[in-house]
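Last residue of the sequence shown: 87 (the numbering used here), numbering continuous. Beta carbons: idealized from backbone N, C-alpha and C, even for Gly. All values reported here derive from a predicted model rather than from experimental measurement. What follows is a set of notes on a single structure, which appears directly below.
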Amino acid sequence: MNRQLSLLCVVLIVTNTMCLAQNYSFTDMKVVFPKAGVAVITYKARVDSSVARQDSSGACNVASVWTKRWGNWVLISHPFIKSQ
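Structural data, given as structure tokens:
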């Protein structure tokens with residue numbers, strides 16, 4: 004399981020919701036650097052998952068915004084938006 008899905012599941016577990024992500028794949032990955040020390044990563048994800056025993060599988064559009072602080076890349080924002 005990748006880090007972002009792991010963090011999502013941790014949030015759901017803390018809020019007393021069971022999350023299970025079994026299979027996932029990433030496509031159409033793009034990275035742009037709009038200015039020094041900022042990276043925006045976009046990609047499409049396909050996830051086979053369930054939340055609270057309800058199927059939540061599907062395709063998502065994902066964007067990550069990273070910034071470089073004190074020499075390390077830090078995640079600022081990471082929204083998943085389910086595709087139609």
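Taking C-alpha positions only, Gly40 is separated from His81 by approximately 17 Å.
Take Ser60, set aside five residues on each side of it, and the residues of its chain with a beta-carbon closer than 7 Å to its own are Val50, Asp51 and Ser52, in chain order.
For Gln57, DSSP records a beta bridge to Val54. In this structure, Val77 keeps its C-beta atom at 8 Å or more from the C-beta atom of Tyr46. DSSP lists Val65 as the bridge partner or partners of Phe83. Of all alpha-carbon atoms in Asn75, Phe36, Ala62 and Ile79, the one lying nearest the alpha-carbon of Thr30 is that of Ala62.
Rounded to the nearest whole angstrom, the C-alpha separation of Lys38 and Val68 is 12 Å.
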